[in-house]
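Before any comments, here is the structure.
The following block contains the structure:
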C-alpha cells in the first residue's frame, strides 16, 4: 500500500504491545451504530495509473503555454525562473512545518525575514508580516486592524477600483462586525467621489494602485483627505508594477496589501497565491499574521525567531488579532527567490516590458475601427477597451478562430460597463501575439 | 516556600492586580505572583492620563513572550499618572512588582470598592490554591 | 557557519536572470510617477541557488526524519502530487478563463468535493477556504447566518471546550459572536453536565474537535450532539484530527452540521514551512444554501450516456459570500486528489487505522516513564506530560530541545493548555515500526538523562545549527526588517 509501510507482522507485534487483539479494538469508543461505514468511493489506483488519470484531466484544460493570454485582473501570466521551483521543492523547505522550534528552522526563518524585508523595500513601508492567504484576505485583515485602532469607528470606504472579489471578501469578513461599507456603489473610480464618502466615522479607506481597471489614481490626494478625517488608508497594490511605480509608502499609506502571485508563482487556476501585508511600526502589535524577528542565541550567535506571538490565536485566543494560523509560507519563499533571481535590475526590466507592451497593444487596439481604449487616466499594464459587441461574443470568436484567450468581460463585475474588456499584457506576450490579437479584432466588427 | 512574595498593606484583586491606597488616590500594579506566571515581560500598553475606568475594567495590557494579559482596575477611578518608564523597561515589573513596577496612579472615585478586595493573607491563600 | 543575509551578498550592478529587450516601440514614461530606487539584491543566479540551498540545510523536514507534531499530521508528502500539480494543464490556467477551456480543472474540483463529502458524511462541500482557520471562520458564519435566516436573532454564543485549538475562539470573535468555554471532565471528555447547563436558546452552536486535542475520541459524542441540537444549536466539527476517522466513522453520521477539512494535514499536501494549506468545509443538508461560494456544480447534464456533464460555478442561494478571491487553493486540490486516488476508499480507512495504531504503540512504549494523564486507548495522537515528579527542574521544553540532539523533531509543546508541560505526539501512518521504536528509545534515554545528567537537557540542543534563541530580546528589541525605509513624502 502506497506510503504506509506496515507489514502484517508489524501490526501483529504492535497490537501485542498495546494490549489489544485486533485493529478494530482500537475503535471501541466509536458508537457501534456508525462505526466502519461503507464508503462509496473508488478502489485504489497505483501511482502510475493515478498519473494517467491526472494527465487526462490536465489535457482537457487550455494552458497559457498553448495560447496567447490577455487575462489579468489580479492573476498574471508572468515568467517564473526555473530556480524558483527547484529551490522550493527542496525537501527541507517543502516538508518543514511552521518554525515553532527555531533551532532547527533557521532556513525557513531567515528566508521569511528576507521576504519581510523585501516587501518593505518594495512598498516603502516599515514592517511586513510573513503572508496572508491572498490579496483579498490581506485587505480584510487591514480592515480589522483599522477597526481595532480607530476607537469605535465603524465605517469603511472602498473605492470601486478595488478588485470586486476583494470587496466581496471584505463584506463576508465583516458581516458580524456591525460595520458599514460605502463608496463602491458607482462603477467609476475617482478620488473626489471617494473623498466625499469620508467622514469622522470612517475607520479606513481602501484604494487600489494600479486599480482593477489598470489605472493609476492620485493616491496622495486620497491619503491627505483621509488623514484629515482621522481615517487610515490601505492601498491595495501589485508587486510587478512597483518595479517602476512610486511605492505607496511614499504617499503616506498606513497599510499596503496585495497579491504577490506575480512574483514567480504559477497561475494555477487561482491558488495557492500570496497575500502580502505591510504597515507602519506603530501598528505592529495590531497586525495579524506571523512575524519573524532577529535575535541572538545563548552563544551570542545571530538568529531568527517567530516573535510577538502573543498577538496570535494560539496564545491570545478569543482576543487574538486574527484567527490566522497556516499562512502561505512556501509561496512567500517562492516570491523571495524570484525577487533575488530578478533582483533590482531584473524586476525593473520586467515592469518596463509589461508597460511598453501594454501601451503598444493599447495603441494598436485603439486604432481598430469600432474599438476604443480608455485613456482618461494613466495605466500600467492593463487597460479598458470599449468594444462594438458583447465581450463574451468577441472572446468566443478569438478562442474558436485563433485559440486566443481575450481579456476579461467587465460586465459581470460592473453593471454599467457593458461591452467593456479589461486587457492585460505582460512580458510573456510577444509582439506577434499582440499583432495577432489586433488582427483578429479587426475581423470582429 | 513559594516563588513569589505577597506584600503586606496592599489589597489584591482576583485578576492579580494590587492596589495601595494613599488618601483619595491609589497606586496600581500587578502582583509578584502575576509576573512570575507571565515570566519576562516585554511590553506594556499604558492607558492615557485622564481616562476613567470602573472596577474590573481592563485599562491596559502586559505581554511576555508566552502570554498577553489584560490589566484590570481593582477599583474605579481616573488615571492621573502613568509609569512611562515601563515602556522602555517592562522588566521592572518583574524585578520590583510592588515598588518601581507600579503601573498607574488613580484618583479613586469610590473608595468603598477596596472593601471587595482581598488582603495579603487572603490573596496568599488564593495564590497557593492555584499553584 | 552563519549564512549571510542575501542583501549582504552580490555586488552593485550584478544581474540575475536577464530579460529580453522590448520588441515593441517604447511608450513615454511619466517620470513623476516613477520610483527613484528599487532596493532589491544584486546577485547572480548561482548566488541565489547557493544561498537558499545553504539555508535549506539549516532546516528539519519530514524528508529528514520523524516529525511527531501533535495536531499537525506530518505525514510523508508524496512527490507524485508535486509533479501532478505542475502539469501545465493545471499550473498554467487562469482562474477567469472561460469554463469551456478548463473542464478538466472543474471536474477535478467536483471530484474532490464529492470525495470529501463522502468521507465526512456531508451533503455538500465548498473548497474555497484557504486553511483550517479560514474554514472555521466560514463555518461559524454559516451557523450564524442559518439562525438569522430563521428569524432567530437571540443567539450570540459559541460553546467551545477548554481543550480547543486557539483558532476556535479567535474565529468566533471574528464572527462577532461570544466564545463560552466548556470544561473537560476527568476522563478528557467534554463535561456533559457543564455542557447541558450552557445549552439554551442563546447558543448558536458548539465547536468541537473529535477526536479532541488530547487525542481521545469523545466517549459521549452522541449525547453531546443531542444536547446541542435539542436547544436549537448547531454542531461544528474541527476536522484537524480527521486522520483518525477516515472509514472509521463519518462526523455527518454522528450529527455534525458542518466540518472543515485540512488538506495539508489529512490529505498529505506539504506544509511548506507554514503554508499554503487548504480548509474546505462540508455541511449537512440544512446548511447547504449557506456555503461560501461559488462552488463547482454540474451546469449541464450529459447529452448522452457516453458524454461528460459540463461543469461550472454555482453560487449557493443564501451563501455567506466569498471568503477568498478566485476559487480556493487549487494546487492543493490537485495534490489531495492524487493522494485520494492512490488510496481509494478502503486505503484511506487503512491510513486512519495505521495512524491510530502507531500513536497507541508509542504510548504503550513510553507510558511507564512519561505520565499520561488519560491513559486509555487514544486515536491518532496522545498527550503525555514532559515532567518527572523526582526531577522537578526538567520541563517539557527541555525534553523537546534534547530530542533535537537525537535527530528528531520535538512533539507539540504546551498544547493543549489543560495538561501541564504537555507533549502532544502524533506519529502518522507513514512511519514504520522501526522509526517508532527508535523514537521511543530516544524518549526513554532522555528520561534517564533527566535524572542522571540534567544539564544535557537544560543546555540542549547541542548539535542543532544554533542554540536556544532569546525570544525576550526578539520581542523587546523588534528587528523585523533589514532595509532602511524612506520617509513618506508628505511626512
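Protein chains in written order, with this note's numbering: chain A, 10 to 454; chain B, 156 to 286; chain C, 182 to 672. Even for Gly, the Cβ is constructed at its ideal location relative to N, Cα and C. Please read these numbers as outputs of a predicted model, since none were measured by experiment.
Neighbours of residue 627 of chain C in chain A, taken as residues at a C-beta separation under 7 Å, are lacking, since the least C-beta distance is about 15 Å. When CB distances to chain C are screened at a threshold of 8 Å, the residues of the segment 184 to 201 of chain B falling below it are 195, 197 and 198, in chain order. Against chain C, the beta carbon of residue 428 of chain A has no neighbour under 9 Å; the closest one sits roughly 17 Å away. The Cβ atoms of residue 285 of chain C and residue 68 of chain A sit closer than 9 Å to each other. With a threshold of 9 Å between beta carbons, residue 284 of chain B makes no contact with chain C. Put simply, the CB of residue 324 of chain A is near chain C, with a gap under 9 Å to one of its CB atoms. Counting only runs of at least 4 residues, the segment 200 to 224 of chain A fully encloses the following alpha helix (DSSP H) elements, listed from N- to C-terminal order: 200 to 205.
Judged by DSSP secondary structure, residue 430 of chain A falls within the beta strand (DSSP E) whose first and last residues are 429 to 433. Pairing residue 238 of chain A with residue 250 of chain B, the inter-Cα distance amounts to about 43 Å. Remark: C-beta atoms of residue 438 of chain C and residue 355 of chain C do not approach each other more closely than 9 Å. Take the alpha-carbon of residue 431 of chain A and the one of residue 82 of chain A: they are about 8 Å apart. Straight-line spacing of the CA atoms in residue 228 of chain C and residue 335 of chain A works out to 30 Å.
Residue-level contact check: residue 204 of chain B does not touch chain A, since none of the beta carbons of chain A fall below 9 Å from its beta carbon.
For residue 342 of chain C against residue 393 of chain C, the beta-carbon gap comes to about 7 Å, under 8 Å, which counts as contact. Secondary structure note for residue 404 of chain A: its alpha helix (DSSP H) is the uninterrupted segment 400 to 411.
No Cβ-Cβ contact shorter than 9 Å links residue 188 of chain A with residue 203 of chain A.
Taken atom to atom, the span from the alpha-carbon of residue 273 of chain A to that of residue 255 of chain A is near 22 Å. Between the alpha carbons of residue 281 of chain A and residue 183 of chain B lies a gap of roughly 50 Å. Residue 340 of chain C: member of the beta strand (DSSP E) spanning 338 to 342, first to last residue. A contact between stretches requires three or more CB pairs, one per stretch, nearer than 8 Å, and the segment 324 to 338 of chain A fails this requirement with the segment 195 to 209 of chain C. Taking CB atoms only, residue 411 of chain A has no neighbour in chain C less than 9 Å away. Only residues of its own chain outside the window of five on either side were considered, and among them 101 and 102 have a CB closer than 7 Å to the CB of residue 116 of chain A, listed in chain order. Closest option to residue 379 of chain A, judged by alpha-carbon separation, among A:293, A:316 and A:447: A:447.
Taking each of C:303, C:542, C:238 and C:296 in turn and checking the Cα distance to residue 619 of chain C, the smallest one comes out for C:542.
By alpha-carbon distance to residue 495 of chain C, the top candidate from C:399, C:469 and C:513 is C:469.
A contact between stretches requires three or more CB pairs, one per stretch, nearer than 8 Å, and the segment 471 to 486 of chain C fails this requirement with the segment 250 to 269 of chain A.
A straight-line Cα-Cα distance of about 35 Å links residue 657 of chain C and residue 268 of chain B. A contact is defined here as three or more CB-CB pairs under 8 Å, and the segment 166 to 182 of chain B fails this definition with respect to the segment 419 to 436 of chain A. The beta-carbon of residue 242 of chain B is placed no less than 9 Å from the nearest beta-carbon of chain A. Considered as a whole, the segment 214 to 299 of chain C harbours 226 to 237, 260 to 266 and 269 to 272 as its complete alpha helix (DSSP H) runs of no fewer than 4 residues, in chain order. DSSP, read as helix, strand or coil, puts residue 194 of chain B in coil.
By the CB criterion at 9 Å, residue 436 of chain C and residue 395 of chain C fall outside the cutoff. Think of a sphere of 9 Å around the beta carbon of residue 299 of chain A: the chain C residues whose beta carbon falls inside it are 455, in chain order. The residue from C:614, C:652, C:565 and C:661 with its alpha-carbon nearest to that of residue 20 of chain A is C:614.
Residue 311 of chain C and residue 642 of chain C have their alpha carbons spaced roughly 35 Å apart. For the 9 Å CB-CB criterion, residue 317 of chain A and residue 86 of chain A do not form a contact.
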